[in-house]
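Trainee: Residue numbers (the working numbering): 6 to 69.
(1) Buried or exposed for residue 28, please, with buried defined as at least 16 other CB atoms from any protein chain shown within 10 angstroms of its CB.
(2) Measure the alpha-carbon distance for residue 10 versus residue 46 and round it to whole angstroms.
(3) What residue from 8, 33, 52 has the CA that sits closest to residue 21's CA?
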(Lines of atoms letter the chains of each structure in order from A; the text may use other names.)
(Lines give C-alpha, C1' and ligand atoms only; values in the text may rest on other atoms or scores of the structure.)
Protein backbone atom coordinates (compact mmCIF):
# COMPACT_ATOMS: atom_id res chain seq x y z
CA UNK A 6 0.00 0.00 0.00
CA UNK A 7 2.73 2.44 0.94
CA UNK A 8 4.56 1.97 -2.35
CA UNK A 9 1.35 2.60 -4.32
CA UNK A 10 0.77 5.88 -2.49
CA UNK A 11 4.41 6.86 -2.92
CA UNK A 12 4.25 6.16 -6.65
CA UNK A 13 1.01 8.12 -6.97
CA UNK A 14 2.58 11.15 -5.27
CA UNK A 15 5.68 10.86 -7.45
CA UNK A 16 3.46 10.68 -10.56
CA UNK A 17 2.15 14.17 -9.78
CA UNK A 18 5.68 15.55 -9.34
CA UNK A 19 5.86 15.78 -5.55
CA UNK A 20 9.46 15.69 -4.29
CA UNK A 21 10.65 12.26 -3.23
CA UNK A 22 11.21 13.06 0.46
CA UNK A 23 7.77 14.63 0.85
CA UNK A 24 6.11 11.78 -1.05
CA UNK A 25 7.81 9.25 1.21
CA UNK A 26 6.67 11.06 4.38
CA UNK A 27 3.11 11.37 3.07
CA UNK A 28 3.00 7.68 2.11
CA UNK A 29 4.22 6.73 5.60
CA UNK A 30 1.54 8.91 7.20
CA UNK A 31 -1.19 7.31 5.08
CA UNK A 32 0.13 3.86 5.98
CA UNK A 33 0.04 4.71 9.71
CA UNK A 34 -3.54 5.97 9.35
CA UNK A 35 -4.53 2.71 7.66
CA UNK A 36 -3.05 0.74 10.58
CA UNK A 37 -5.02 2.88 13.03
CA UNK A 38 -8.24 2.31 11.09
CA UNK A 39 -7.64 -1.44 11.06
CA UNK A 40 -7.16 -1.40 14.83
CA UNK A 41 -10.38 0.57 15.31
CA UNK A 42 -12.31 -1.87 13.12
CA UNK A 43 -11.12 -4.78 15.27
CA UNK A 44 -12.12 -2.95 18.45
CA UNK A 45 -15.54 -2.15 16.98
CA UNK A 46 -16.10 -5.80 16.09
CA UNK A 47 -15.36 -6.84 19.68
CA UNK A 48 -17.75 -4.20 21.01
CA UNK A 49 -20.50 -5.43 18.68
CA UNK A 50 -20.12 -8.99 19.98
CA UNK A 51 -20.14 -7.75 23.58
CA UNK A 52 -23.30 -5.71 23.05
CA UNK A 53 -24.99 -8.63 21.31
CA UNK A 54 -24.23 -10.90 24.25
CA UNK A 55 -25.48 -8.35 26.78
CA UNK A 56 -28.71 -7.74 24.85
CA UNK A 57 -29.35 -11.48 24.48
CA UNK A 58 -28.73 -11.98 28.20
CA UNK A 59 -31.11 -9.14 29.09
CA UNK A 60 -33.78 -10.53 26.77
CA UNK A 61 -33.44 -13.93 28.45
CA UNK A 62 -33.83 -12.36 31.90
CA UNK A 63 -36.85 -10.37 30.71
CA UNK A 64 -38.46 -13.49 29.26
CA UNK A 65 -37.81 -15.48 32.45
CA UNK A 66 -39.29 -12.74 34.65
CA UNK A 67 -42.53 -12.28 32.77
CA UNK A 68 -43.19 -15.69 31.23
CA UNK A 69 -42.77 -17.82 34.34
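Built from N, CA and C at the ideal position, the CB exists for glycine as well.
Mentor: Short version:
(1) Mapped onto the chain shown, residue 28 falls at position 23. Flag for residue 28 reads buried.
(2) Taking the chain shown and counting its residues from 1, one reaches residue 10 at position 5. Taking the chain shown and counting its residues from 1, one reaches residue 46 at position 41. Taking the straight line from one Cα to the other gives about 28 Å.
(3) Numbered from its first residue, the chain shown carries residue 21 at position 16. When each option's Cα is compared against that of residue 21, the closest is 8.
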